[in-house]
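K.L.:
Numbering (the numbering used here), first residue to last: 2 to 163.
A virtual CB, placed ideally from N, CA and C, is assigned to each residue, including glycine.
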């Protein structure tokens, strides 16, 4: 394993584990200390904790289709892991932060589906569907990977052959 590959592996694993651990710890606290449907104001009119569950995808999409969402998430995790092993010598560190966050978030929500049969959500801005740290990690990871690919694509476009 090259030093770049080893560094990218460490970055990827740390990002994934951080997302999983933070997500699961906070969800455990929500389930332990709050009742379903309960809301706690953290910043009035801006941010609340609301204990709710979701049988669908991120942000309440596809409610009631938990098995389909579970299978899709599992496929995405497997394909993302394959992509990681294929590309760990080809991409920069930020791509692996993004990929690790995506996989960590997906695993965090998959763990909920396996253990509870549904995903625990709790971050509530009032104007957006209630979500969790895993959802946030997935979205942040996708944005990071997209920016890295766009940056790489744009820099490759600027290169000319002699």
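Taking the continuous alpha helix (DSSP H) assigned at residue 115, which residues delimit it?
P.N.:
94-117
K.L.:
Between which two residues does the alpha helix (DSSP H) containing residue 25 stretch?
P.N.:
4-34
K.L.:
DSSP state of residue 123, grouped into three classes?
P.N.:
The three-state reading of DSSP puts residue 123 in strand, counting E and B together.
K.L.:
Grab the span of the beta strand (DSSP E) containing residue 56 for me, first residue to last.
P.N.:
Here residue 56 belongs to no beta strand (DSSP E), and DSSP marks it neither H nor E.
K.L.:
Would you mind reading off the limits of the beta strand (DSSP E) that contains residue 41?
P.N.:
40-44
K.L.:
CB-CB under 7 Å to residue 13, same chain, minus the five flanking residues each way: which ones, in chain order?
P.N.:
85, 97, 100 and 101
K.L.:
Measuring CA to CA, which of 128, 156 and 106 is closest to residue 121?
P.N.:
With distances taken between Cα atoms, residue 121 lies closest to 106.
K.L.:
So the candidates are 77, 133 and 32; which of them puts its Cα closest to the Cα of residue 117?
P.N.:
32
K.L.:
To the nearest angstrom, report how far apart residue 39 and residue 25 are at their CA atoms.
P.N.:
So the alpha carbons of these two residues sit roughly 19 Å apart.
K.L.:
Could you check which residue in 108, 126, 111 and 104 has the C-alpha nearest to that of residue 146?
P.N.:
Comparing Cα positions, the closest option is 104.
K.L.:
Give me the Cα-Cα distance between residue 83 and residue 6, rounded to the nearest whole angstrom.
P.N.:
14 Å
K.L.:
Would residue 133 pass as a contact of residue 123 if the rule is Cβ separation under 8 Å?
P.N.:
yes
K.L.:
Whole-angstrom Cβ separation of residue 94 and residue 8, contact assumed at under 8 Å?
P.N.:
7 Å
K.L.:
Restricting to Cα atoms, I'd like to know which of 92, 131 and 81 is closest to residue 108.
P.N.:
81
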